[in-house]
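Trainee: The opening position of the sequence shown corresponds to residue 2 in our numbering, with each subsequent residue numbered one higher. A virtual CB, placed ideally from N, CA and C, is assigned to each residue, including glycine. Quick one: the structure is below, and I'll ask about it shortly.
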Amino acid sequence: MDQEDGIPGPPPIFVVLPDGQEVRARLHARRQQQDGWRYQIGIQLWRDRANGSAEAAEHRAWVSPAQVRPIPGVSYRDVPTRGPSRVDGLSQKSRPAWTLQYLPHRPGHPGATLLHVIGCTPSDHSLDREEALAALSQPRAAACTECDAARSLASGQPSAS
């Protein structure tokens, strides 16, 4: 992998934020889907700690090509890359089957993210298994116990609701 400031790891890449700002992030993976490429980026942000202070934490997300820009002179050849699946367009394991619910920060209660099986809570964005696993690995993320999202994620198939 390339090094930035002498630190080995995923190569740096520019991420275009919704307001047009560009920030540096790390490119962890890329994959080709039927509708185009997606890039898994990691951005260093602040997160709340239980004691009221803040600490640095990496936030990862899958973004489209319009949301990233390569940094001139940086090689991306070693970034893990997956091509498209070829079973009815998408393999069963990559079909969207999970959603995320964001719980906002409140005094004394840091924000959190809950992973659900589709249909458990309303959401306008669904995740495939890989995205759901990545989301669940983030700080303050948990699986819903009502829809048994953890079990469905472990099996690779959502349970019928």
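Pull up the DSSP beta-bridge partners for His110, would you.
Mentor: In the DSSP secondary-structure assignment, His110 is bridged to Arg107.
Trainee: Taking Arg134 as part of the alpha helix (DSSP H), name the residues at either end of that continuous run.
Mentor: As written in the sequence, residue 134 is Leu, which differs from the Arg given in the question. Counting along the chain, the alpha helix (DSSP H) containing Leu134 begins and ends at Arg130 to Leu137.
Trainee: Check whether the segment 65-77 and the segment 46-55 touch, using three or more Cβ-Cβ pairs below 8 Å as the test.
Mentor: no
Trainee: Answer yes or no: do Ala144 and Ala151 have a C-beta to C-beta separation smaller than 8 Å?
Mentor: Closer than 8 Å, so yes.
Trainee: So if DSSP puts Gly37 in a beta bridge, which residue, or which two residues, is it bridged to?
Mentor: Paired residue(s): Gln34.
Trainee: Going by DSSP, what residue range makes up the beta strand (DSSP E) through Ala143?
Mentor: Its beta strand (DSSP E) spans residues Ala142 to Ala144.
Trainee: Assign Ala51 to one of two classes, buried (16 or more other C-beta atoms within 10 Å of its C-beta) or exposed (fewer than that).
Mentor: exposed
Trainee: According to DSSP, what are the bridge partners of Gly43?
Mentor: Arg27 and Arg61
Trainee: Does the structure place the segment 97-108 close enough to the segment 124-133 that three or more beta carbon pairs sit under 8 Å?
Mentor: Cβ pair count under 8 Å is three or more, so yes.
Trainee: Could you check whether Tyr77 and Trp63 sit closer than 8 Å to each other, using their CB atoms as the reference points?
Mentor: no
Trainee: If you measure from the beta carbon of Ser138 to each beta carbon in chain B, is any gap under 8 Å?
Mentor: Going by chain labels, chain B is absent from the structure shown, which holds only one protein chain.
Trainee: If you follow the beta strand (DSSP E) that Val75 is in, where does it begin and where does it stop?
Mentor: Note, Val75: premise wrong, no beta strand (DSSP E); not H, not E.
Trainee: Taking the beta strand (DSSP E) that Ile119 belongs to, which residues open and close that run?
Mentor: Counting along the chain, Ile119 falls outside any beta strand (DSSP E), and DSSP gives it neither H nor E.
Trainee: What residues are listed by DSSP as bridge partners for Ala55?
Mentor: Asp49
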